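Residue numbers (the working numbering), protein chains in the order written: chain A, 546 to 879; chain B, 3 to 400.
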């Protein structure tokens, strides 16, 4: 009985985190983009427009659930959930504090990327089932893009995994405690700077943010694969996008920026989740910053950039780092 | 694909050809024949964020590659040329503002010049000078709109909003001057409607002090971006011969390397007295169109400086009778609008209203190139190329 309650509590906490996160991120995106664009962003509903997102959610929930007559009904209905569920599952291995995670998994990092790699299936399904040319092109672009960028994303993760000697997120975070030479925080971003840059670019592509937002491509495909969706199905597609942003930023925080740990000082247990969320949100802000400033790649340029630049760089770096670690720093780093 | 629409109802359907394929588009795949990929006809517009109004472009796609394109016009047709036949000469400017709504002063001036030529009216020098000043301000505002939307077509949202802030400063100046932000109704046959308000030159000078740095910022933010450069370099190629064959004018023609600018070659208003250069491109790709127009904006600021410093004394309008009847005959006058050679042809039968009026819309001719310029590129290139042509549908459809 106790176990059932515990599972329920953990599950509900995950749902709450995801939903609150979605609402906060939508508001944050609007405000950040607004200020980057010399605009103000929402400021009418509630103080500072804080209730805008709530109103939008209510609108999406109460909207008529339209489906184009020519759409493939079954696939059309199920696709948003196939996009949403993997990004929901990816919350499971995240560590928010020393003992704070939904479940501790020895291969947590692998699990996150494994479930996230299911997202393109849902997106492609959404694009295909909508029976709209715009959606079809958007869905195909998304599939090509996400499959391509998963490779450098995974390769860039290998550096920190090698340094910690584990795929368990809590072990990776724990390996980043303390300092090098007494004053440099032991964050993996410093030795793994190349890996981190590759990770940041791939993460931006994996979450389909500008300059890699070809699958939505407002000015080309209107909204791409989400074109025919409305109401809460559209809401789920977007919730998944924001939740993916949170996940890649959270994983980046765990792998490269010491997770929930503060630099130099011992992190009190109660502060750990706040530190973690703060670091993650700084990462998300950077993603939004890029989104607000850059133009969009062309689809062939984006793929060429991935296959001809990112993958060779990250592959070489994995080999180089493996050699460095084995030959020179094995003792010093552990 | 289920059955679609025949957009050209006058075309009889051929045997074995799907109803949604418009005239001139082929279904037989070219290139990768062994894959036998089916071509897709994409109806871009008339409601689409990047068609700059209500343009409808039929794009035949093989995957993402554009095989052919065809622009379908007329969604914004209001019959401006026909309506002008029932308006007196000083009322027509109101209509013409709504033709090219981004740079109304140029259309107004073209009409005024044609009318003056018809009736033999001598325009005071001050009026010509004021027309030039107002037109250059308007040209700058129009180019700003183009720059912003061009960036937006390439997915860059931020520069657009920075540029709109800069444009707002010009619109404020023009509002104080002409009484309206865009629908000016300012240039009349014989001169201009009102003199420049006292103190406006100080306001223009204040704007000029920041305009250069704002333009540099926007140019660096958009044109200095490597992603943007990769998007526009080598795409949408239009060579000089094709551009001339299609009757292209303005920045699009100069980007292809043809040195033709009415302000210098057929001077009108005050342009004969002014010192400016005409930027030219080499290849006629999107990058050239970008650099030519940004170069034109810098020249524009140079012209505005000269114009605002040297406003001559005199009347702002000639004496034109209230009941104005030009003699029977016809005349044509053209100005270099931000989009190219904008001409007005008037035929008069000696009555109160034009017997016929025809507007040579530069964007109409520039748009005709889409089939040549879009084919062979990707969908993303098609959007950017369309944006680089700087079309205004109000003027194309009239």
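Ideal placement from N, C-alpha and C gives every residue a C-beta, glycine not left out.
Note that this is a predicted model, so its numbers are computed, not measured.
227, 229, 230, 232 and 233: these are the residues of the segment 208-237 of chain B whose beta carbon lies less than 7 Å from some beta carbon of chain A, given in chain order. Per the coordinates, the alpha-carbon of residue 149 of chain B lies some 10 Å from the alpha-carbon of residue 299 of chain B. At a cut-off of 9 Å between beta-carbon atoms, residue 44 of chain B makes contact with chain A.
Shortest Cα-Cα distance from residue 666 of chain A to any of A:782, A:811 and A:788 involves A:782.
Note that the C-beta distance between residue 841 of chain A and residue 156 of chain B is below 9 Å. For a Cβ distance threshold of 9 Å, residue set 157, 229, 232, 233 and 382 of chain B lies close to residue 842 of chain A, ordered along the chain. Here residue 868 of chain A is exposed. Its C-beta has fewer than 16 other C-beta atoms within 10 Å. Following the DSSP letters along the chain, one finds residue 640 of chain A in no alpha helix (DSSP H) but inside the beta strand (DSSP E) bounded by residues 640-642. In the DSSP annotation of this structure, the continuous segment of the beta strand (DSSP E) that includes residue 331 of chain B starts and ends at 331-339. Runs of alpha helix (DSSP H) with 4 or more residues, each lying fully within the segment 554-619 of chain A, are found at 597-607, listed in chain order. Within chain A, not a single residue places a beta-carbon under 8 Å from that of residue 70 of chain B; the smallest gap is close to 16 Å.
Residue 737 of chain A is outside the set of residues whose beta carbon lies under 9 Å from a beta carbon in chain B. Approximately 19 Å separates the beta-carbon atoms of residue 391 of chain B and residue 336 of chain B; this is outside 8 Å, ruling out the contact.
Linking residue 768 of chain A to residue 312 of chain B through their CA atoms gives a straight-line distance of about 51 Å. Against chain A, the beta carbon of residue 160 of chain B has neighbours under 7 Å at 581, 582, 837 and 838, listed in chain order. Only buried fits residue 41 of chain B, as 16 or more other CB atoms lie within 10 angstroms of its CB. If you check the CB distance, residue 733 of chain A and residue 801 of chain A come in under 9 Å. CA-CA distance, residue 383 of chain B to residue 53 of chain B, rounds to 13 Å. Counting only the Cα atoms, residue 703 of chain A lies some 12 Å from residue 739 of chain A. The residue among A:594, A:803, A:811 and A:617 with its C-alpha nearest the C-alpha of residue 735 of chain A is A:803.
Less than 9 Å separates the beta-carbon of residue 344 of chain B from that of residue 362 of chain B. About 17 Å separates the Cβ atoms of residue 795 of chain A and residue 753 of chain A, ruling out a contact at the 8 Å cut-off.
Between the segment 114-123 of chain B and the segment 188-205 of chain B there are three or more C-beta pairs closer than 8 Å, enough to call the two in contact.
Residues of the segment 672-691 of chain A with a C-beta atom less than 9 Å from some C-beta of chain B are 676, 678, 679, 681, 682, 685 and 686, listed in chain order. In the three-state scheme derived from DSSP, where H, G and I count as helix and E and B as strand, residue 810 of chain A is classed as coil.
For residue 682 of chain A, the CB contacts under 8 Å within the same chain, skipping 5 residues up- and downstream, are 672, 766 and 769 in chain order. Taking each of B:163, B:386 and B:356 in turn and checking the Cα distance to residue 113 of chain B, the smallest one comes out for B:356. In the displayed model, residue 285 of chain B falls within coil according to three-state DSSP, outside both helix and strand. DSSP places residue 60 of chain B within a strand segment (E or B) once states are collapsed to three. Exposed is the label assigned to residue 49 of chain B, since fewer than 16 other Cβ atoms lie within 10 Å of its Cβ. Taking a beta-carbon distance threshold of 9 Å, residue 578 of chain A counts as an interface residue toward chain B. In this structure, the beta-carbon distance from residue 78 of chain B to residue 106 of chain B does not fall below 9 Å. A Cβ-Cβ contact shorter than 9 Å links residue 349 of chain B with residue 358 of chain B. Straight-line measurement puts the Cα of residue 339 of chain B at about 21 Å from the Cα of residue 206 of chain B. Chain-order list of chain A residues neighbouring residue 154 of chain B: 764, by C-beta distance under 7 Å. Only exposed fits residue 181 of chain B, as fewer than 16 other CB atoms lie within 10 angstroms of its CB.
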